[in-house]
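What follows is a short report on a single structure.
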Amino acid sequence: MQKAIIGKKVGMTQIFDESGKAIPVTVIAAGPCVVAQKKTEEKDGYVAVQLGYEEVKESKLSKPEIGHLKKGELAMMKHLKEFKLNNAAELNVGDVIKADTFATGDKVDVTGVSKGHGYQGAIKRHGAQRTPTTHGGGPVHRHAGSMGSTSTPSRIFKGHIGAGQMGVEQVTVQNLDVVKVDAELGMIVVRGAIPGPKGGLVYVKSTVKNNKVKQAGSDISKNPQKASGRNPQKASARG
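Set out below in C-alpha cells:
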C-alpha cells in the first residue's frame, strides 16, 4: 500500500540505537492533510488523490482555489499537491491523513526545495577544481578555466559549468528509513538529511525504489560458461 503526506521540515537531531551508535535524523511535522480531490481511471485517465495542507483565510486564496475547495465542502487550504497512489480508490474526499499513516521501518521519498545560496561561482556551485596558487597563477584561482575551443566549435556548449544562481531547486531524496512516528505530536522522524531549510514544505511518499530482500547466493551467475571459481570444470582446468 502506498502512502503520502505533506509536512514541514522541523530540523535535524540525532538519536541513539540499541548499540549506542548515534544516528542523524530529520524531524518532519507531517499533516494533518485532507483529501481535496480524487482522480479516477474512468473520468481522468489515471488514479490519484489531491491532498490539502495548512488551513488559511479565504482572502489568501484565488477564486479558482476557493471554488475548488468549496465544491468538496472543505476548509480553505494553503497547499494542494497531487499524489499518484495505487490505493487511491480506498480514499474519499474529506478523509484526513495524519502522521500515523506511516510506521517505523517504512521506506519513503522526501521532496522539497533546496536552500538558496544566491549567486555563486563554479567551485562552490559545481565542485570545479581550483587553479594552482603558485608560479604566476595570477588572479584566476577560482575561475572556471577554459570554456571550449576557439575556431571549432566557436561557441560554448549548452550546460557548461559556470557561475550563477545556486539552490532553490526541487530535490528528492529517495529510500529514507522512517525511524520513529509520533502520532500525538504529528511527527515523522527519518534517517538522514532532507532538502530545504527549517520550516520548508516537504512531500513524503512511499519510496519508488524496489526494496526486495536479497537471498544468499542470488548474485552467483547461473551461466555454466562463465569463467569463475564457482564453475567446477573451470576450477579443475586451472588446477
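Number 105 in the UniProt record's numbering belongs to position 105 of the sequence shown; there are no gaps in the numbering.
Glycine residues also receive a C-beta, built at the ideal position from the N, C-alpha and C atoms.
Under DSSP, the beta-bridge partners assigned to Lys107 are Asp177. The alpha carbon of Gln14 has as its nearest neighbour, out of Ala163, Arg191, Thr134 and Ile66, the alpha carbon of Arg191. Assigned with DSSP and collapsed to three states, Arg125 falls in helix.
Leu74 is positioned such that its CB atom lies closer than 9 Å to that of Val34.
Ser154 sits in coil when the DSSP states are folded into three classes, being neither helix nor strand. Under a 10 Å Cβ-count criterion, Gly31 is classified as buried, with 16 or more other Cβ atoms of the shown protein chains found around its own Cβ. Annotation: Met166 to Ser114 spans about 9 Å, alpha carbon to alpha carbon. Our two residues, Gln2 and Ala128, have alpha carbons roughly 40 Å apart in a direct line. In the three-state reduction of the DSSP assignment, Ser59 falls in the helix class, which pools H, G and I. The stretch 98-118 makes contact with the stretch 197-210, as at least three CB pairs between them are under 8 Å.
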